[in-house]
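This report refers to the structure that appears directly beneath it.
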Amino acid sequence: WISLVEFKGRAPIIRNETAYPVKEADFDNPNLHGDIVFRTGGSTGSPSRLLIDLEFLADRSVYEHLMFRVLDLYRVPLALWYPKLPASIGLSNGLRYAKIGSPPEHWFDMSLEGSALPAWHSWALSAIIGMSRFCAFPLPWPKAAPLKDPGSVIDWIVNTVQQHGRCALQSNVSGIMRL
């Protein structure tokens, strides 16, 4: 067995007084292309490197299509409430939903607290969302909706249900529990 800190390359693997130094990349899946490299949001400690395989996202979108069909979510306004880069979950979900022709209308940014992010995060996000404008289903720009103040998310839900009769919001457990 490998512990989580060992798997993340934060501690050596020590077995029977023998230490095996490891780094994050030692556990990379050799079958993934790693088209895009992100960092996790760091909710359990320091951020970890995350490889995103665009072919995998395209393949996984088949499951999103099935979910949308079963839950009758096509043509239902959809919003995401996830942090923006360096966290990858909002972007990867948005890309999968765009692939099936149902991109989110809104992306609420949880605006996780922490140190200032490098400028390249904003540049990368601007480039990705800007390039999506040339596609059939562009992605929305993330709007600030801090985890501590979900008022804009609640307002969107109320207004959307009044206008359309229903809506869909995808978030993590921390976000949903605050609603």
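Taking the working numbering, I'd label the letters of the sequence shown as residues 322 to 500. Yeah, the Cβ is synthetic: ideal placement off N, Cα and C, and Gly gets one too.
- Task: Please state whether DSSP places Trp-441 in a helix, a strand or coil.
- Result: Within the sequence shown, residue 441 is the residue found at index 120, counting from 1. It is helical.
- Task: Assign Trp-506 to one of three DSSP states: helix, strand, or coil.
- Result: Residue coverage of the chain in this structure runs from 322 to 500, which leaves residue 506 outside it and unanswerable.
- Query: Quick one: what does DSSP say Ala-340 is sitting in, helix, strand or coil?
  - Reply: Within the sequence shown, numbered from 1, the residue matching residue 340 stands at position 19. Ala-340: strand per DSSP, three-state reduction.
- Item | Reduced DSSP secondary structure (H/G/I, E/B, other) of Leu-387 | Translated into the one-based positions of the sequence shown, residue 387 becomes position 66. If DSSP states are grouped into helix, strand and coil, Leu-387 belongs with the helices.
- Task: Give the range of the beta strand (DSSP E) segment to which Arg-370 is assigned.
- Result: As a working mapping, residue 370 is identified with position 49 in the sequence shown. Arg-370 -> beta strand (DSSP E) spans 370 to 373.
- Item | Gly-496 classed as buried or exposed, judged by whether at least 16 other C-beta atoms fall within 10 angstroms | The sequence position of residue 496 within the sequence shown is 175, counting from 1. Buried: at least 16 other Cβ atoms inside 10 Å.
- Message: Buried or exposed for Ile-323, going by 16 or more other Cβ atoms inside 10 Å?
- Response: Stepping through the sequence shown from its first residue, residue 323 is reached at position 2. Classification of Ile-323: exposed, given that the 10 Å Cβ count is below 16.
- Message: Given a cut-off of 9 Å on the beta-carbon distance, is the pair Gly-415 and Pro-404 in contact?
- Response: Position 94 of the sequence shown, counted from the first residue, corresponds to residue 415. Position 83 of the sequence shown, counted from the first residue, corresponds to residue 404. Not a contact, by the Cβ cut-off of 9 Å.
- Own chain, CB closer than 6 Å to Pro-398, minus 5 neighbours either side, in chain order: Stepping through the sequence shown from its first residue, residue 398 is reached at position 77. Glu-426, Thr-481, His-485 and Cys-488, listed in sequence order.
- Query: How should Asp-349 be labelled, buried or exposed, when 16 other C-beta atoms within 10 angstroms of its C-beta is the threshold for buried?
  - Reply: Taking the first residue of the sequence shown as position 1, residue 349 is located at position 28. Exposed: under 16 other Cβ atoms inside 10 Å.
- Query: How is the beta strand (DSSP E) around Ala-400 delimited, first residue to last?
  - Reply: The residue given as residue 400 occupies position 79 in the sequence shown. For Ala-400, the uninterrupted beta strand (DSSP E) run begins and ends at 399 to 402, by DSSP.
- Which residue from Ala-400, Ile-334 and Ile-450 puts its Cα closest to that of Val-474? Counting from one through the sequence shown, the residue named residue 474 turns up at place 153. The alpha carbon of Val-474 has as its nearest neighbour, out of Ala-400, Ile-334 and Ile-450, the alpha carbon of Ala-400.
- Item | Three-state secondary structure assigned by DSSP to Lys-469 | By 1-based counting over the sequence shown, the position of residue 469 is 148. The answer is coil: DSSP assigns Lys-469 none of H, G, I, E or B.
- Item | N- and C-terminal bounds of the alpha helix (DSSP H) containing Ala-419 | The residue you call residue 419 lines up with position 98 of the sequence shown. Note, Ala-419: alpha helix (DSSP H), 410 to 420.
- Task: Using three-state DSSP, classify Ile-357 as helix, strand or coil.
- Result: Here residue 357 is taken as the residue at index 36 of the sequence shown, counted from 1. For Ile-357, the secondary structure class from DSSP, reduced to helix, strand or coil, is strand.
- Please look up how many angstroms separate the CB atoms of Ala-408 and Ser-453, rounded, as I've assumed it's under 8 Å. Counting from one through the sequence shown, the residue named residue 408 turns up at place 87. Counting from one through the sequence shown, the residue named residue 453 turns up at place 132. The C-beta separation of Ala-408 from Ser-453 comes to about 18 Å, leaving the pair out of contact by the 8 Å criterion.
- Nearest to Phe-458 by CA position, among Ile-450, Ala-465 and Lys-464, is which residue? Within the sequence shown, residue 458 is the residue found at index 137, counting from 1. Residue Ile-450 is the option with its Cα nearest to Phe-458.
- Item | Close beta carbons around Lys-464, own chain, < 8 Å, minus the five adjacent residues each side | One-based indexing of the sequence shown puts residue 464 at position 143. For Lys-464, where only same-chain residues beyond five positions count, the Cβ hits under 8 Å are His-427, Trp-428, Phe-429, Asp-430 and Ser-473.
- Between which two residues does the beta strand (DSSP E) harbouring Phe-429 extend? Stepping through the sequence shown from its first residue, residue 429 is reached at position 108. 427 to 430 is the span of the beta strand (DSSP E), which, as asked, contains Phe-429.
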